[in-house]
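Engineer:
Residue numbers (this note's numbering): 8 to 567.
(1) Applying the 10 Å Cβ sphere with the 16-neighbour rule, what's the burial state of residue 337?
(2) Take residue 424 and list the residues in its own chain whose beta-carbon comes closer than 7 Å to its own, dropping the five residues that flank it on each side.
(3) What separation, rounded to the nearest whole angstrom, lies between the Cα atoms of residue 447 and residue 259?
(4) So, are the CB atoms of residue 231 and residue 534 less than 7 Å apart?
(5) For residue 131, which of helix, strand or coil comes out of DSSP?
(6) Look up residue 343 in the DSSP assignment and say whether it is helix, strand or coil.
(7) Helix, strand or coil for residue 362, going by three-state DSSP, please let me know.
(8) Can you tell which of 85, 387, 314 has its C-alpha closest to the C-alpha of residue 66?
(9) How is residue 561 classed by DSSP in three states: helix, strand or coil?
(10) Which term fits residue 92, buried or exposed, when burial requires 16 or more other beta carbons within 10 angstroms of its beta carbon?
(11) Near residue 416, which residues of its chain fall below 8 Å by C-beta distance, leaving aside the five closest residues on each side in sequence?
(12) Between residue 543 and residue 516, is the Cβ-Cβ spacing less than 7 Å?
(13) For my contact list, residue 255 and residue 343 are in at a C-beta cut-off of 8 Å; report their separation, rounded to the angstrom.
(14) Determine the direct distance from the alpha carbon of residue 280 to that of residue 442, and round the result to whole angstroms.
(15) The alpha helix (DSSP H) spanning residue 435 covers which residue range?
(16) Taking residue 101 as the reference, give the member of 499, 451, 521 with the closest Cα.
(17) Out of 237, 277, 74, which one is the CA nearest neighbour of residue 288?
(18) How big is the Cα-Cα spacing for residue 565 and residue 29?
(19) Three or more C-beta pairs under 8 Å: does that hold for the stretch 300 to 312 against the stretch 362 to 374?
(20) Using DSSP's beta-bridge definition, name the partner residues of residue 244.
(21) Count the other CB atoms within 10 Å of the CB of residue 355; is the residue buried (16 or more) or exposed (fewer)?
(22) Please go through the stretch 126 to 187 and give each complete alpha helix (DSSP H) segment of 4 or more residues, from N-terminal end onward.
(23) Cβ atoms of residue 263 and residue 272: under 7 Å apart, would you say?
(24) What residues are listed by DSSP as bridge partners for residue 295?
(25) Rounding to the nearest angstrom, what Cα-Cα distance links residue 158 and residue 435 in this structure?
(26) Rounded to the nearest angstrom, what separates residue 84 and residue 406 at their Cα positions?
(27) Verify whether the separation of the beta carbon atoms of residue 99 and residue 169 is less than 7 Å.
(28) Which full runs of the alpha helix (DSSP H) of 4+ residues lie inside the stretch 517 to 563, going along the chain?
(29) On the criterion of 16 or more Cβ atoms from any shown chain inside 10 Å, does residue 37 qualify as buried, or is it exposed?
(30) Taking the CB atoms as reference points, tell me whether residue 220 and residue 211 lie closer together than 7 Å.
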């Protein structure tokens with residue numbers, strides 16, 4: 008980019024500028040803070056960036072062109088000029104009927120993809136009538152017990168015309184089976200099914216804790232899904248390796264990248280150990296990242312992650328298919344940044360976070376509702392969140408050129424810094440025996456917890472400003488309409504489950520659950536048996552309980 012003489016001249020000019028222009032101003036006025044850093048304190052932000060900060064940058068090796076290795080500038084050659092990102096809005100609450108109504112509303116409002124939230128019992132593999140489910144049915148998402156619920160959720164929504172993302176992990180195989188079964192009932196060819204299951208159980212052990220089985224059988228289920236879907240549903244993403252919840256737990260941007268890609272490495276290795284070919288399943292891997300408030304840090308994070316994954320897949324796993332090396336990802340704006348105070352401010356936060364995701368080249372995006380710090384979002388706040396994406400796409404100009412921040416001395420330097428720190432973390436993970444071992448040692452969890460504690464201390468000490476929380480506060484907060492799920496809703500859901508159980512063929516259910524048990528005890532792929540079980544209207548809880556009996560339940564250890 009610049010030869011040595013150019014760089015020396017720029018260095019001298021900067022020193023002259025500092026001595027003659029900057030220093031007198033600093034002596035008189037100073038700066039707002041002694042030191043500036045990025046949003047999570049992961050990277051120090053210098054006063055000024057010049058070509059000397061990116062003097063080692065090799066355009067072809069480090070950046071390249073969109074759609075070409077190393078994919079720093081994006082995985083598609085036309086960026087958003089060819090096709091905009093998929094606009095997903097996370098939805099699902101209460102009953103399947105209510106979720107269907109919200110899905111239809113979002114489609115009518117211009118949403119180009121569905122994103123499905125499940126209640127806590129479903130995420131943990133319990134039915135609505137289980138003792139453990141009391142008081143939680145339909146609270147954090149839709150309650151799903153049987154295939155009948157999925158049929159109601161997607162009533163009137165042709166599965167060959169939508170792409171559906173499902174935020175489900177430990178019981179992902181069961182919910183995917185239900186989606187396939189609905190598609191079969193609609194007469195949709197399985198190759199036409201499009202969407203993503205999160206299916207990332209490693210991050211559950213790290214950050215979210217909605218796990219069921221121990222790591223080894225959990226990894227087996229995941230690789231069974233890889234194998235099954237490569238043959239049956241090749242256009243459905245079999246995993247969304249999630250940094251989102253790692254960041255929600257308090258990590259830095261570099262930790263989010265490192266631990267997410269570390270989990271990805273673990274999944275690839277598990278699939279290879281199961282006898283799968285890397286280029287057979289790797290194109291169906293996808294990722295899920297968080298978008299926080301620091302626009303330039305977040306955009307740099309996404310660029311660094313793309314470049315790192317291309318290198319990892321080529322150097323570690325000898326991937327030949329270009330699609331195996333392309334990091335494709337969904338982004339959700341940061342729930343942890345939303346405040347219960349002055350919730351209108353959250354509209355602004357979400358807009359900036361969405362801009363960061365688009366500048367970073369996301370493939371799909373969910374924008375949070377302003378009221379999600381209080382409850383599931385209302386229809387009105389969901390519409391505003393979707394309109395935020397549509398304004399960004401059609402009015403801001405951010406989607407009109409590919410990778411618009413490329414070449415910025417600061418952004419390129421920050422991209423390199425995040426990459427270097429993330430690779431350093433991955434090297435430490437390797438020294439600890441890989442991500443699974445590092446998680447079992449509680450090392451990963453401690454790294455995140457330390458950062459989260461420090462950040463909270465900064466907020467409480469007033470060193471970090473959160474607008475409306477510890478600065479610019481107001482005395483009176485207006486009343487806010489919130490969505491509520493009642494005890495009556497839970498009662499109706501349980502009654503519906505009882506009705507399905509009364510009407511189904513119990514002998515067929517028992518036969519298919521027995522076949523699943525036998526497969527789990529052996530080495531057969533579990534997915535055909537799970538699909539058969541859900542088609543007989545076996546419940547989520549019944550299927551998960553069979554696997555609990557065979558695999559056991561995970562008991563987290565203490566930190567070492």
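Think of the CB as a built atom: it goes at the ideal place given N, C-alpha and C, for glycine as much as any other residue.
None of these values were measured; they are calculated from a predicted model.
Structural biologist: Let's see:
(1) Your numbering for residue 337 matches position 330 in the chain shown. Result: buried.
(2) Within the chain shown, the letter at position 417 stands for residue 424. For residue 424, where only same-chain residues beyond five positions count, the Cβ hits under 7 Å are 50.
(3) Counting from 1 along the chain shown, the entry for residue 447 is found at position 440. Counting from 1 along the chain shown, the entry for residue 259 is found at position 252. The straight-line gap from Cα to Cα measures roughly 21 Å.
(4) Indexing the chain shown from 1 puts residue 231 at position 224. Indexing the chain shown from 1 puts residue 534 at position 527. Result yes, Cβ atoms of residue 231 and residue 534 sit closer than 7 Å.
(5) By one-based count along the chain shown, residue 131 stands at place 124. Of the three classes helix, strand and coil, the one that applies to residue 131 here is coil, per DSSP.
(6) Here residue 343 corresponds to residue number 336 of the chain shown, with the count starting at 1. Helix.
(7) The count along the chain shown starts at 1 and reaches residue 362 at position 355. Helix.
(8) Looking up residue 66 in the chain shown gives position 59. Residue 314 is the option with its Cα nearest to residue 66.
(9) Working through the chain shown from its first residue, we reach residue 561 at position 554. Residue 561 falls in the coil class under three-state DSSP.
(10) For the purposes of this step, residue 92 is taken as the residue at position 85 of the chain shown. The residue is buried, with at least 16 neighbouring Cβ atoms inside 10 Å.
(11) To locate residue 416, count along the chain shown from 1; it is residue 409. Result list for residue 416: 56, 57, 58, 60, 61, in chain order.
(12) Counting from one through the chain shown, the residue named residue 543 turns up at place 536. Counting from one through the chain shown, the residue named residue 516 turns up at place 509. It is a contact, given that the beta carbons lie within the stated cut-off.
(13) As a working note, residue 255 is residue 248 in the chain shown. As a working note, residue 343 is residue 336 in the chain shown. Their Cβ separation, rounded to whole angstroms, is 5 Å, which keeps residue 255 and residue 343 in contact under 8 Å.
(14) Sequence index remark: in the chain shown, residue 442 carries index 435 (1-based). Sequence index remark: in the chain shown, residue 280 carries index 273 (1-based). Roughly 16 Å between the two C-alpha positions.
(15) Reading the chain shown from its first residue, position 428 is the one you call residue 435. Taken as a continuous stretch (DSSP letters only), the alpha helix (DSSP H) holding residue 435 covers 416 to 438.
(16) Start at 1 with the first residue of the chain shown, and residue 101 comes out as number 94. Comparing Cα-Cα distances from residue 101 to each of 499, 451, 521, the minimum goes to 499.
(17) Taking the chain shown and counting its residues from 1, the one referred to as residue 288 is at position 281. Per the Cα distances, 237.
(18) Taking the chain shown and counting its residues from 1, the one referred to as residue 565 is at position 558. Taking the chain shown and counting its residues from 1, the one referred to as residue 29 is at position 22. Its pLDDT being 43, under 50, residue 565 is placed unreliably by the model, and the measurement read from it follows with that caveat. Rounded to whole angstroms, residue 565 to residue 29 spans 53 Å at the Cα level.
(19) yes
(20) As a working mapping, residue 244 is identified with position 237 in the chain shown. DSSP, once it has assigned bridges, lists 203 as partnering residue 244.
(21) Locating residue 355 in the chain shown gives position 348, where the first residue counts as 1. That one is exposed.
(22) 127 to 130, 154 to 160
(23) Here the question's residue 272 lines up with position 265 in the chain shown. Here the question's residue 263 lines up with position 256 in the chain shown. No; because the gap between Cβ atoms is not below 7 Å, this pair is not in contact.
(24) Indexing the chain shown from 1 puts residue 295 at position 288. DSSP, once it has assigned bridges, lists 249, 337 as partnering residue 295.
(25) Numbered from its first residue, the chain shown carries residue 158 at position 151. Numbered from its first residue, the chain shown carries residue 435 at position 428. Going by the C-alpha atoms only, they are around 46 Å apart.
(26) By 1-based counting over the chain shown, the position of residue 84 is 77. By 1-based counting over the chain shown, the position of residue 406 is 399. Cα to Cα, residue 84 sits roughly 13 Å from residue 406.
(27) In the chain shown, the residue the question calls residue 99 occupies position 92. In the chain shown, the residue the question calls residue 169 occupies position 162. Contact flag unset, no.
(28) 534 to 542, 547 to 558
(29) The residue given as residue 37 occupies position 30 in the chain shown. It counts as exposed.
(30) Mapped onto the chain shown, residue 220 falls at position 213. Mapped onto the chain shown, residue 211 falls at position 204. Cβ distance not < 7 Å, so residue 220 and residue 211 don't count as in contact.
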